[in-house]
Every structure is written in structure tokens, then in C-alpha cells.
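Enquirer:
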Amino acid sequence: MWITGILAFYINICVFIPSYLHNNSRWFKYTCLTLLVITILSSIEFGLDYLLKLEPVFIRGRSPNTFVETIIIFGAIAFVKTIIVMPLSYLFQFIKDLIVYKKVSVFAEISLHILIIAMFYLLRIMEYPQWAPEKTPFLFLFKAVYSFILVTISLSFFYLNSFWFIPSFLTKGKYMLYFSSLILMIIGSVLLEWAIYSIPVFTPEQINVLTKTIVPSLAFKLLILLASFLYQFTKDWFKHENLRKKLESEKLLTELDLLKLQVHPHFLFNTLNNIYSQAMQEDSPKTVQSIARLSGLMRYMLEECNQDLVLVNRELEYIRDYISLQKLRIDQHNQIKADYKTDQSDTFLIAPMLLIPFIENAFKYGISNKFVSFIHMKIEVTDGKLLFSIQNPIHEHKNRQISTGLGLLNVGRRLTHLYPDNHKLSINDKDGIFNVNLTIKLSYGLHSNRR
Numbered sequence: 083m084w085i086t087g088i089l090a091f092y093i094n095i096c097v098f099i100p101s102y103l104h105n106n107s108r109w110f111k112y113t114c115l116t117l118l119v120i121t122i123l124s125s126i127e128f129g130l131d132y133l134l135k136l137e138p139v140f141i142r143g144r145s146p147n148t149f150v151e152t153i154i155i156f157g158a159i160a161f162v163k164t165i166i167v168m169p170l171s172y173l174f175q176f177i178k179d180l181i182v183y184k185k186v187s188v189f190a191e192i193s194l195h196i197l198i199i200a201m202f203y204l205l206r207i208m209e210y211p212q213w214a215p216e217k218t219p220f221l222f223l224f225k226a227v228y229s230f231i232l233v234t235i236s237l238s239f240f241y242l243n244s245f246w247f248i249p250s251f252l253t254k255g256k257y258m259l260y261f262s263s264l265i266l267m268i269i270g271s272v273l274l275e276w277a278i279y280s281i282p283v284f285t286p287e288q289i290n291v292l293t294k295t296i297v298p299s300l301a302f303k304l305l306i307l308l309a310s311f312l313y314q315f316t317k318d319w320f321k322h323e324n325l326r327k328k329l330e331s332e333k334l335l336t337e338l339d340l341l342k343l344q345v346h347p348h349f350l351f352n353t354l355n356n357i358y359s360q361a362m363q364e365d366s367p368k369t370v371q372s373i374a375r376l377s378g379l380m381r382y383m384l385e386e387c388n389q390d391l392v393l394v395n396r397e398l399e400y401i402r403d404y405i406s407l408q409k410l411r412i413d414q415h416n417q418i419k420a421d422y423k424t425d426q427s428d429t430f431l432i433a434p435m436l437l438i439p440f441i442e443n444a445f446k447y448g449i450s451n452k453f454v455s456f457i458h459m460k461i462e463v464t465d466g467k468l469l470f471s472i473q474n475p476i477h478e479h480k481n482r483q484i485s486t487g488l489g490l491l492n493v494g495r496r497l498t499h500l501y502p503d504n505h506k507l508s509i510n511d512k513d514g515i516f517n518v519n520l521t522i523k524l525s526y527g528l529h530s531n532r533r
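Here my numbering is used: position 120 in the sequence shown is 202, and no number is missing along the way.
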């Protein structure tokens with residue numbers, strides 16, 4: 083009668099797991115309640131079988147006449163039902179979490195592993211040779227120990243590969259070390275299994291039978307190894323999928339913020355054109371030049387910055403215009419020095435708006451109306467690399483270094499994302515001078531790539 087087993091299955095996945103398992107602090111209460119329910123259901127089934135004079139298959143041929151034997155049989159029923167119902171319910175919840183929620187609670191995953199290991203152990207202890215605990219207790223205890231060792235050897239293919247070999251060797255490109263570790267693990271498992279079966283406790287006939295199972299056992303271990311690949315691949319896929327969705331969500335929020343800032347760009351350009359025409363009529367060449375630069379900055383930000391890559395010389399034009407406009411509000415006693423060595427800037431590409439945050443930071447915190455200030459900037463494109471450096475003093479902001487670095491922190495994250503292994507960034511504050519040094523390995527091309 084497996085109706086009680088089905089009831090235990092649904093009670094576990096519909097009531098206990100959602101109520102207790104997802105809250106790690108209540109795992110002890112969950113375990114006690116689960117065992118209590120399964121025990122009650124098993125006792126009901128045992129009582130019905132006894133009243134109907136039905137005999138469970140796994141105790142057929144025995145006639146329990148004593149109270150102790152009755153309790154042992156009842157315990158066996160509850161135990162068998164537990165090791166069948168619990169793993170199935172955990173497996174169901176595991177798959178459900180993967181499909182529906184794209185995640186699995188850590189406690190649920192650990193519990194699933196423990197239950198699967200227990201099932202492997204029970205299957206192993208029931209294999210040949212079978213020693214009855216009441217007749218040969220020593221041999222049964224010996225089998226319990228060596229079965230545990232054999233299960234550990236088999237499952238080491240899964241856990242060592244998933245949690246050590248793959249992340250430490252395979253994902254880091256250490257292929258020789260990875261395959262050497264697998265070969266050593268295979269050889270070691272065969273030798274250990276052979277050594278266990280050679281213990282004198284076994285009869286020659288048993289040794290002959292057991293040694294013939296080493297090759298099939300090795301094939302089973304290789305299947306476990308394959309399962310570890312699938313397991314790790316699934317975990318990594320869901321992890322990267324969740325990360326991708328998170329990045330997409332952050333990207334949508336960023337684009338929304340940018341959209342809010344782009345207030346009628348055509349209106350702004352038209353207004354700038356009108357002011358430009360008026361300045362031309364009034365014969366104000368400096369004003370005309372400033373308006374033209376501002377218009378170029380806006381056009382670059384609104385139209386060209388939506389590309390993945392832009393030509394380095396276009397980025398440098400933007401920087402030159404930005405610095406020229408900043409000089410309009412700076413007194414003559416402040417020294418602004420910018421050196422450019424960019425003979426190859428028309429043949430290389432760079433992500434837009436990477437350098438400007440460092441320059442904005444320098445003008446914001448390095449220029450003072452009370453003290454003599456300076457900004458020294460150098461940009462050089464050579465051998466396919468862009469070398470950028472900028473220095474400026476920090477006036478009245480010595481206690482605000484964390485806040486001044488907030489925008490630079492975002493730039494650092496962007497560099498890590500766009501140039502993970504192709505950049506080197508150094509930021510430091512020494513003797514009141516803020517220093518930034520950046521090296522980027524550039525992409526080669528003649529045009530930018532549209533998104």
C-alpha cells in the first residue's frame with residue numbers, strides 16, 4: 083500500500099519544504115515534523131496490513147510473533163518509506179526551483195546531496211555478498227565500513243571534479259594538470275577497490291566474483307564523472323543567466339536615466355544654432371567658437387556615444403573641446419597642460435567616454451580660485467596602446483577622497499567589463515597630488531560598431 087507514501091511525498095513538497103526548508107533557521111523543526119509524519123503514515127499502513135493480514139514483500143517468509151520483531155518490522159517499513167519518499171520529494175523540489183525560480187536554496191541542495199549519498203550507500207550495502215546482521219554481525223559491520231569506503235571512492239569522481247578540478251584547473255586552462263588529476267583518480271580508485279576485495283575476510287569464490295565487478299564499477303564511475311560535468315555546467319549556466327538578467331536590468335535603468343537627461347535634443351541644437359547665428363552677426367569670434375565646441379560636445383554625446391566603439395581621434399576631439407570650454411571659467415594663474423602624441427589615433431578604436439570622467443574629476447577637485455592650481459594631462463597612442471595620465475592637486479577636499487572616487491569606481495568597473503585583460507589602471511594620492519595612470523590595449527579598425 084503506497085498511498086501513504088504518496089501522501090508523505092505531497093505533504094513534504096507542498097507543506098514542509100515551502101514552510102520550513104526555505105528558512106534555514108527552522109531546519110531542525112522541519113526534520114522532526116517530516117520524520118513524525120512519515121512514522122505516523124507508516125504506522126497506519128502497518129496497522130492496515132496487519133488487520134487485512136497482508137504481508138510486505140520485503141519480509142515475506144517471516145512470521146513476527148514477538149513484540150520486538152513487530153517493532154523491527156515496523157521500523158523497517160518506516161525506514162524504507164523514508165529513503166524512497168524523501169529523495170524523490172527533494173529531487174522534485176530541486177527541479178522545480180531550477181525551472182520556476184532559476185535558483186536553489188543552499189540547504190535544499192545540501193540535503194539533496196546527503197540523501198542521494200544515503201541511497202548510494204544503501205544500494206551498495208545490499209549488493210553481493212550479503213551477510214545477515216543477526217547471524218554474522220562482524221562481517222555485516224565490516225561490509226558496512228567497506229561499502230562506505232567504496233561509495234566515497236565513487237562519489238569522489240563527482241565532488242572532486244565539480245568542486246576542485248573544474249574550477250581550479252579546467253576553467254583556468256590548466257588542461258595537463260586537470261587530465262593528470264583525473265587519470266590519477268581513476269588509477270587510485272581501481273587500486274583501492276582491488277585492495278579491499280583482496281582482504282582475507284572474503285572467500286576465494288567471493289574474491290573471484292567481486293574482482294570481476296571492478297571494470298563495470300569503473301564504467302559507473304565514469305558516468306558519475308559525466309554527471310559532474312552536467313551538474314557544474316547547469317549551475318554555471320543558471321549563475322550566468324541570473325547575472326545577465328541583472329546586468330540587463332541595470333542597463334535598462336541606466337538607459338532610462340540617460341533618456342531623462344536627453345530633453346528634446348533637436349530643440350537644444352536648434353537653439354544653439356540660433357545663438358551661433360546671433361553671435362556671428364554681432365561679430366563675437368570667441369563666442370562663436372565656444373558655441374561650436376559646445377554643439378560638437380552635445381552631438382558627440384547624443385549621437386556617437388550610443389556606439390560600442392569610436393575612433394580614438396573622435397574621442398580626443400571631444401576631450402579637446404571639453405578642456406577648451408572648461409578654460410573659459412578658469413583664471414589665468416591656473417595652469418592647464420595637455421600633451422597629445424596620437425599619430426595612430428585614426429586607425430584604432432576605443433569605447434566612448436572612458437577618459438572624460440578622470441578629466442572631469444581633475445577640474446572638479448583640482449582647480450581652486452584661492453590657490454594656484456594645475457592639471458597636467460598626457461595622452462599617447464603607440465604600439466596599439468593608449469597611455470593616459472593626469473595629475474592635479476586636491477584643494478579643500480582631502481577628507482572627501484571616497485566621494486571623489488565614486489565616479490572613478492564606476493569607470494573602473496566599466497574598464498573591467500570592456501577590457502578585462504587589456505587594461506591597467508593605477509589611482510593614488512601622494513603628497514596632496516592626485517595621480518591617474520591608465521593603459522588600454524586598443525581595438526584596430528576604421529569605423530565604429532553599432533549596437
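Backbone N, C-alpha and C fix where the C-beta goes; we use that ideal spot for every residue, glycine too. Remember, predicted model here, so these are calculated numbers, not experimental data.
Which same chain residues end up closer than 8 Å to L407 when comparing Cβ atoms and leaving out the 5 residues on each side of it in sequence?
Expert: For the purposes of this step, residue 407 is taken as residue 325 along the sequence shown, with counting starting at 1. Closer than 8 Å at Cβ, skipping near neighbours: S372, R375, L376, L379.
Enquirer: Taking 6 Å as the limit between beta carbons, can you name the residues of its chain near I99, skipping five residues before and five after?
Expert: One-based indexing of the sequence shown puts residue 99 at position 17. Closer than 6 Å at the Cβ level, and outside the excluded window around I99, lie Q175.
Enquirer: Report back the beta-carbon spacing between V392 and I432 to the nearest angstrom; my notes put them in contact at under 8 Å.
Expert: In the sequence shown, residue 392 corresponds to position 310, counting from 1. In the sequence shown, residue 432 corresponds to position 350, counting from 1. Going by Cβ atoms, the distance from V392 to I432 rounds to 7 Å, so yes, they are a contact pair.
Enquirer: Counting C-beta neighbours from all protein chains within 10 Å, is the total for Y257 16 or more, i.e. buried, or is it exposed?
Expert: Mapped onto the sequence shown, residue 257 falls at position 175. Exposed is the call here.
Enquirer: What does a CB cutoff of less than 6 Å around I509 pick up in its chain, not counting 5 residues either side in sequence?
Expert: Counted from its first residue, the sequence shown places residue 509 at position 427. Correct list, in chain order: V518.
Enquirer: Going by DSSP, name the residue or residues bridged to D511.
Expert: On the sequence shown, residue 511 is found 429 positions in, with the first residue counted as 1. Answer by DSSP bridge pairing, in chain order: F516.
Enquirer: What's the gap between the Cα of V227 and the Cα of I306?
Expert: The count along the sequence shown starts at 1 and reaches residue 227 at position 145. The count along the sequence shown starts at 1 and reaches residue 306 at position 224. If you take the alpha carbons of V227 and I306, they lie about 22 Å apart.
Enquirer: Less than 7 Å separating the beta-carbons of S244 and Q314?
Expert: One-based indexing of the sequence shown puts residue 244 at position 162. One-based indexing of the sequence shown puts residue 314 at position 232. Their beta carbons are under 7 Å apart, which means S244 touches Q314 by this criterion.
Enquirer: Can you tell me whether DSSP reads I268 as helix, strand or coil?
Expert: Within the sequence shown, numbered from 1, the residue matching residue 268 stands at position 186. DSSP places I268 in helix when its eight states are reduced to three.
Enquirer: Just list the residues that DSSP pairs N474 with in beta bridges.
Expert: For the purposes of this step, residue 474 is taken as residue 392 along the sequence shown, with counting starting at 1. In the DSSP output, where bridge partners are listed per residue, N474 has F516.
Enquirer: Span of the beta strand (DSSP E) holding K423?
Expert: By one-based count along the sequence shown, residue 423 stands at place 341. K423 -> beta strand (DSSP E) spans 417-423.
Enquirer: Are L507 and L520 touching if we call contact CB-CB under 7 Å?
Expert: Position 425 of the sequence shown, counting from 1, holds the residue named residue 507. Position 438 of the sequence shown, counting from 1, holds the residue named residue 520. Yes, the Cβ-Cβ distance between L507 and L520 is below 7 Å.
Enquirer: Looking only at C-alpha atoms, which of V97, D413, F239 sits nearest to A301?
Expert: The count along the sequence shown starts at 1 and reaches residue 301 at position 219. Cα-wise, what sits closest to A301 is F239.
Enquirer: Less than 7 Å separating the beta-carbons of I441 and N416?
Expert: Within the sequence shown, numbered from 1, the residue matching residue 441 stands at position 359. Within the sequence shown, numbered from 1, the residue matching residue 416 stands at position 334. No. Outside cutoff.
Enquirer: How about Y526 and F445: do their beta carbons lie closer than 7 Å?
Expert: Counting from one through the sequence shown, the residue named residue 526 turns up at place 444. Counting from one through the sequence shown, the residue named residue 445 turns up at place 363. Cβ distance not < 7 Å, so Y526 and F445 don't count as in contact.
Enquirer: Along the beta strand (DSSP E) that carries F456, what are the first and last residues, could you check?
Expert: Sequence index remark: in the sequence shown, residue 456 carries index 374 (1-based). Where F456 is concerned, the enclosing beta strand (DSSP E) stretches over 456-464.
Enquirer: Check this for me: beta carbons of I461 and Y400, under 7 Å apart or not?
Expert: Here the question's residue 461 lines up with position 379 in the sequence shown. Here the question's residue 400 lines up with position 318 in the sequence shown. No, the pair does not count as a contact, with Cβ atoms beyond the cut-off.
Enquirer: Per DSSP, which one or two residues make a beta bridge with L525?
Expert: Here residue 525 refers to the residue found at position 443 of the sequence shown. Reading the sequence as shown, one finds Ser at residue 525 and not Leu. S525 is bridged to L431.
Enquirer: Less than 8 Å between the CB atoms is what I'm expecting for E275 and L308, so what's the real figure, rounded?
Expert: The residue you call residue 275 lines up with position 193 of the sequence shown. The residue you call residue 308 lines up with position 226 of the sequence shown. The Cβ separation is near 20 Å, so there is no contact.
Enquirer: Span of the alpha helix (DSSP H) holding L398?
Expert: For the purposes of this step, residue 398 is identified with residue 316 of the sequence shown, where counting begins at 1. 394-409 is the span of the alpha helix (DSSP H), which, as asked, contains L398.
Enquirer: Quickly, what does DSSP pair H499 with across the bridge? List them, please.
Expert: Within the sequence shown, numbered from 1, the residue matching residue 499 stands at position 417. Looking at the DSSP assignment, H499 forms no beta bridge with any residue, so it has no partner.
Enquirer: Grouping DSSP H, G and I as helix and E and B as strand, with all else coil, what is L468?
Expert: Translated into positions along the sequence shown, residue 468 becomes position 386. Looking at L468 - three-state DSSP - the assignment turns out to be strand.
Enquirer: Quick one: residues in its chain with C-beta nearer than 7 Å to the C-beta of D428, no 5 flanking neighbours on either side, listed in chain order?
Expert: The sequence position of residue 428 within the sequence shown is 346, counting from 1. Cβ neighbours of D428 beyond the five flanking positions: L393, N395.
Enquirer: Pick out whichever of P439, M459, D513, S471 has its Cα sitting closest to the Cα of L491.
Expert: Taking the first residue of the sequence shown as 1, we reach residue 491 at position 409. Answer by Cα proximity: P439.
Enquirer: Would you mind sorting N443 into buried or exposed? The rule is 16 or more other CB atoms within 10 Å of its CB.
Expert: Locating residue 443 in the sequence shown gives position 361, where the first residue counts as 1. Classification of N443: buried, given that the 10 Å Cβ count is 16 or more.
Enquirer: Following the continuous alpha helix (DSSP H) through Q389, name the residue where it begins and the one where it ends.
Expert: Sequence index remark: in the sequence shown, residue 389 carries index 307 (1-based). Neither: Q389 is in no alpha helix (DSSP H) and is coded neither H nor E.
Enquirer: Could you check the C-alpha separation between E323 and Y382 for me, to the nearest Å?
Expert: Counting from one through the sequence shown, the residue named residue 323 turns up at place 241. Counting from one through the sequence shown, the residue named residue 382 turns up at place 300. Straight-line Cα distance between these residues: approximately 33 Å.
Enquirer: Rounded C-beta distance between F230 and Y203? I'm assuming under 8 Å.
Expert: Your numbering for residue 230 matches position 148 in the sequence shown. Your numbering for residue 203 matches position 121 in the sequence shown. About 6 Å separates the two Cβ atoms, so the contact holds.
Enquirer: Can you pull the DSSP bridge partners for H505?
Expert: On the sequence shown, position 423 is the one that residue 505 refers to. H505 is bridged to I522.
Enquirer: Based on Cα-Cα distance, which residue from P282, I269, S366, R402 lies nearest to S299?
Expert: By 1-based counting over the sequence shown, the position of residue 299 is 217. Answer by Cα proximity: I269.
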